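Numbering (my numbering), first residue to last: 1012 to 1694.
For every residue, glycine included, the Cβ atom is placed at its ideal position computed from N, Cα and C.
Fair warning: this is a prediction, and the values are worked out from it, not measured in the lab.
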């Protein structure tokens, strides 16, 4: 197969080919990892092996075609390993899964470095590890016998049989060193590089990295080649390195015959079904983001047109052009709405892009913790916004890591408790209304709220007097505070990297919420909820002290108008009785530090939001209406803490509106209330 250096291509063409290889290869490695993880427990191991072999074969050919010789050699060596598996020399077990996963990691590293043109130093190490694994499994041991045929193991015998079935001759070449060759180890490297050009080297004796090479008079090489014997003898002449050369047909009496059903066939190397170019097209994410930004600007433009139309109607109610103007505006609005929906759908992708990382994660972490854990995934086809896919992986991994380390018991503990000795982690995603819900559930020991409360007292977060008033649900929320942990000892599994406080910050940064349900001895469930889209939202606009704000409509349960006299005090906190239910109230101006002087009203509005299954009312002065908003990020704001801002948007009249994060507002109000109570207690 030709590589890029032999083709007359421009730098731009070469860059494009490498980028195409990169994207396709990354997808193949992801598929490879999934199939390797499924291999050990698969009922149809033969088909699974064929799939893995197809992937390695495709990677070998594609990497060779763009000049990645190291990667091509590694994947070729991986094919040798699979050949040994098919022949029955290597048993499918946990150790095999480990080395196949390590190969996948090494391939992924090489692919990542290919774009930068960097080498992967781990490839030679990985290839040696494969050889060592094969030698160990086939009962081989390093020997220095100069007769190559005497140290052949079962694996090499199978290779010999396979090469002969392909019509290639197998030769034993004895090359004595020239008297002028003073560095025999370097000479061996030259010899083997030279011979690689005419065939596949099966075995060398002594081995290339053996110390005794410097004391040897000759090296023997077993090679499979289509070249005639006399031509090989001429080819092996390397002045200053090789003295005499003898080439004999290799004779091995005990050559294992590869069963017909296990031998490589043309079918086993058939590439996966090609998708028609018309069916899919690969687009860079930056281009998609640019299109989304342009659609966002058009949405703002649509609002401007609607605003101008209203002003035009007020000033020129009898104008004949008014009807045509309104009709054209309506047409543009419908077309833009269709375009917006289409682009939004383009941003949606299956959450499987995130979930498929977890079988490997769970396997590795369970093995590190010496636990037996299975992973059950549901809803992997659920579509979510690309922005969520890009960010949510690490927080989910941390939750799973905690579940494995702190939640799932050891086999001995589970057996003593009468539980299934194999722990289970459930990972599920589904749509609920206009939200995406992701659940991470384990059947482990659950969260000990008593221990959390003791730790909270120890850290000074609550007093002994307040202990009675703290519910178990409120106690669990302490795990989201920075540096809070009940673990006595940090393990290699958890206690590293991001904490639960960062998990919550990331979730809330995506305008989402996180809730924990736990039962001691039964298990724990983390419920993460996010809006369906992260770019354009519907929101309720309102005024507080003549300042304009917005809250995402998905967070709003209902809106009610109240008189000031309807508001009551319970434990010095404002509440509203709404249909026999007492709802705690938040005055937004106190949270965002707005001066209310001169803006007192007898009639107010209460926007009831549902945060983590709790109804909370936000008091506002006046409702402006419902609006579709294009979210822009806010780096800083002189009045409002940016942690409470989900973004900003521009209205049709050019006015800027801040989009508030209801979860952060409630959190801020709660922290302030606890702080005030603590101050009064301590005083």
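Check your understanding: Does DSSP put residue 1561 in a helix, a strand or coil?
Key -> One-based indexing of the chain shown puts residue 1561 at position 550. DSSP places residue 1561 in strand when its eight states are reduced to three.
Check your understanding: Which runs of the beta strand (DSSP E) fall wholly inside the region 1521-1573 and span at least 3 residues, in chain order?
Key -> Correct list: 1524-1530, 1534-1542, 1547-1555 and 1558-1563.
Point to revise | Alpha carbon of residue 1210 to alpha carbon of residue 1191, nearest angstrom | key: Residue 1210 sits at position 199 when you count from the first residue of the chain shown. Residue 1191 sits at position 180 when you count from the first residue of the chain shown. Distance between the alpha carbons of residue 1210 and residue 1191 is about 27 Å.
**Study point:** Beta-carbon proximity check, residue 1050 vs residue 1103, cutoff 8 Å
**Key:** Position 39 of the chain shown, counted from the start, is the residue given in the question as residue 1050. Position 92 of the chain shown, counted from the start, is the residue given in the question as residue 1103. Pairing residue 1050 with residue 1103 gives a Cβ-Cβ distance under 8 Å.
Review point. Residue 1584: which of 1139, 1243 and 1627 sits nearest, CA to CA?
Key: Counted from its first residue, the chain shown places residue 1584 at position 573. With distances taken between Cα atoms, residue 1584 lies closest to 1627.
Check your understanding: Does DSSP put residue 1197 in a helix, a strand or coil?
Key -> Locating residue 1197 in the chain shown gives position 186, where the first residue counts as 1. Note: residue 1197 maps to helix in three-state DSSP.
Check your understanding: Taking just the CA atoms, how far does residue 1412 sit from residue 1421?
Key -> Counting from one through the chain shown, the residue named residue 1421 turns up at place 410. Counting from one through the chain shown, the residue named residue 1412 turns up at place 401. Using only the alpha carbons, I get a separation of about 15 Å.
Review point. So, are the CB atoms of residue 1542 and residue 1563 less than 8 Å apart?
Key: In the chain shown, counting from the first residue as 1, residue 1542 sits at position 531. In the chain shown, counting from the first residue as 1, residue 1563 sits at position 552. When the beta-carbon positions are compared, residue 1542 and residue 1563 come within less than 8 Å of each other.
Check your understanding: Beta carbon of residue 1392, beta carbon of residue 1361: below 8 Å?
Key -> Taking the first residue of the chain shown as position 1, residue 1392 is located at position 381. Taking the first residue of the chain shown as position 1, residue 1361 is located at position 350. Taking 8 Å as the cut-off, the Cβ atoms of residue 1392 and residue 1361 count as close.
Point to revise | Three-state secondary structure assigned by DSSP to residue 1153 | key: Taking the chain shown and counting its residues from 1, the one referred to as residue 1153 is at position 142. Unreliable placement is indicated for residue 1153, whose pLDDT of 43 sits below 50; no coordinate value is reported for it.
Point to revise | Coil, strand or helix - residue 1121 by DSSP | key: For the purposes of this step, residue 1121 is taken as the residue at position 110 of the chain shown. Of the three classes helix, strand and coil, the one that applies to residue 1121 here is helix, per DSSP.
Exercise for review: Excluding the 5 residues preceding and the 5 following residue 1519 in the sequence, name in chain order all residues of the same chain whose CB lies nearer than 7 Å to its CB.
Suggested key: Position 508 of the chain shown holds residue 1519. 1672, 1674 and 1675.
Check your understanding: DSSP on residue 1622, reduced to helix/strand/coil?
Key -> Counted from its first residue, the chain shown places residue 1622 at position 611. In the three-state DSSP reduction, residue 1622 falls in the strand class (E or B).
Point to revise | Alpha-carbon spacing of residue 1256 relative to residue 1247, whole angstroms | key: Residue numbering aside, residue 1256 sits at position 245 when the chain shown is read from its first letter. Residue numbering aside, residue 1247 sits at position 236 when the chain shown is read from its first letter. Cα-Cα distance, rounded: 7 Å.
Practice item. Might you give, ordered along the chain, the residues of its own chain that have their beta carbon closer than 7 Å to the beta carbon of residue 1368, omitting 5 neighbours on each side? Key: Working through the chain shown from its first residue, we reach residue 1368 at position 357. If we look at residue 1368 and ignore the five residues flanking it on each side, its Cβ neighbours are 1404.
Point to revise | Continuous beta strand (DSSP E) stretch holding residue 1440: start and end | key: By one-based count along the chain shown, residue 1440 stands at place 429. Segment 1434-1443, the beta strand (DSSP E) holding residue 1440.
Check your understanding: Count the other CB atoms within 10 Å of the CB of residue 1622; is the residue buried (16 or more) or exposed (fewer)?
Key -> Reading the chain shown from its first residue, position 611 is the one you call residue 1622. Classified as buried, residue 1622 has 16 or more neighbouring CB atoms from the shown chains inside 10 Å of its CB.
Practice item. Report yes if the CB atom of residue 1546 is closer than 8 Å to the CB atom of residue 1638, and no otherwise. Key: If you number the chain shown from 1, residue 1546 lands on position 535. If you number the chain shown from 1, residue 1638 lands on position 627. By the CB criterion at 8 Å, residue 1546 and residue 1638 fall outside the cutoff.
Point to revise | Simplified DSSP state of residue 1048, which is helix, strand or coil | key: Mapped onto the chain shown, residue 1048 falls at position 37. It is helical.
Exercise for review: Would you kindly report the start and end of the unbroken beta strand (DSSP E) that includes residue 1387?
Suggested key: As a first step, residue 1387 must be located in the chain shown, where it is residue number 376. Its beta strand (DSSP E) spans residues 1384-1389.
Check your understanding: Just reading off the beta strand (DSSP E) that residue 1669 is part of, what are its end residues?
Key -> For the purposes of this step, residue 1669 is taken as residue 658 along the chain shown, with counting starting at 1. Residues 1667-1671.
**Study point:** Three-state secondary structure assigned by DSSP to residue 1210
**Key:** As a working mapping, residue 1210 is identified with position 199 in the chain shown. If DSSP states are grouped into helix, strand and coil, residue 1210 belongs with the strands.
Point to revise | Three-state secondary structure assigned by DSSP to residue 1228 | key: Within the chain shown, residue 1228 is the residue found at index 217, counting from 1. In this structure, residue 1228 counts as coil in the three-state DSSP scheme.
Review point. Ordered along the chain, which non-local residues of its own chain (more than five positions away) have a Cβ less than 7 Å from that of residue 1074?
Key: Locating residue 1074 in the chain shown gives position 63, counting from the first residue. Within its own chain, the residues whose Cβ lies closer than 7 Å to the Cβ of residue 1074, once the five positions on either side in sequence are excluded, are 1082, 1083 and 1086, listed in chain order.
Check your understanding: Which residues in the same chain have their Cβ closer than 8 Å to the Cβ of residue 1530, if we skip the five residues on either side of it in sequence?
Key -> In the chain shown, residue 1530 corresponds to position 519, counting from 1. 1457.
Review point. According to the neighbour-count rule (16 or more other Cβ atoms, all chains shown, within 10 Å of its Cβ), is residue 1207 buried or exposed?
Key: Taking the first residue of the chain shown as 1, we reach residue 1207 at position 196. The residue in question, residue 1207, is exposed, as its Cβ has fewer than 16 Cβ neighbours within 10 Å.
Practice item. Tell me where the alpha helix (DSSP H) around residue 1460 begins and ends. Key: On the chain shown, residue 1460 is found 449 positions in, with the first residue counted as 1. Run containing residue 1460: 1460-1469, per the alpha helix (DSSP H) assignment.
Review point. What's the C-alpha gap between residue 1026 and residue 1033?
Key: Position 15 of the chain shown, counted from the start, is the residue given in the question as residue 1026. Position 22 of the chain shown, counted from the start, is the residue given in the question as residue 1033. Counting only the Cα atoms, residue 1033 lies some 10 Å from residue 1026.
**Study point:** Classification of residue 1625 by the beta-carbon crowding that lies within 10 angstroms, buried from 16 upward
**Key:** Here residue 1625 is taken as the residue at index 614 of the chain shown, counted from 1. Answer is exposed; the Cβ neighbour count stays below 16.
Point to revise | Sequence-distant residues of its chain with Cβ nearer than 7 Å to residue 1036 (five each side left out) | key: Within the chain shown, numbered from 1, the residue matching residue 1036 stands at position 25. The residues 1070, 1073 and 1122, in chain order, have a CB closer than 7 Å to that of residue 1036 in the same chain once the five nearest residues on each side in sequence are set aside.
Check your understanding: Excluding sequence positions up to five away, which residues of its chain have a Cβ less than 7 Å from the Cβ of residue 1196?
Key -> Against the chain shown, residue 1196 aligns to sequence position 185. Counting only Cβ-Cβ distances below 7 Å, and skipping sequence neighbours, we find 1224 and 1225.
Review point. DSSP three-state call for residue 1360: helix, strand or coil?
Key: Counting from 1 along the chain shown, the entry for residue 1360 is found at position 349. Strand at residue 1360.
Check your understanding: Are the region 1448-1462 and the region 1470-1488 touching by the rule of at least three beta carbon pairs closer than 8 Å?
Key -> Touching, yes, given that three or more Cβ pairs across the two stretches are closer than 8 Å.
Exercise for review: Closer than 7 Å by C-beta to residue 1614: which residues in its own chain qualify, once you throw out the five before and the five after it? Chain order, please.
Suggested key: Numbered from 1 along the chain shown, position 603 holds the residue referred to as residue 1614. Answer for residue 1614: 1572 and 1574, listed in chain order.
**Study point:** Closest Cα partner of residue 1258 within the set 1230, 1380, 1317 and 1068
**Key:** Numbered from its first residue, the chain shown carries residue 1258 at position 247. In terms of Cα proximity to residue 1258, the closest of 1230, 1380, 1317 and 1068 is 1230.
Check your understanding: So is residue 1183 buried or exposed if we call it buried at 16+ other beta carbons inside 10 Å?
Key -> Residue mapping note: residue 1183 aligns to position 172 of the chain shown, counting from 1. Here residue 1183 is buried: its Cβ has 16 or more other Cβ atoms, across all protein chains shown, within 10 Å.
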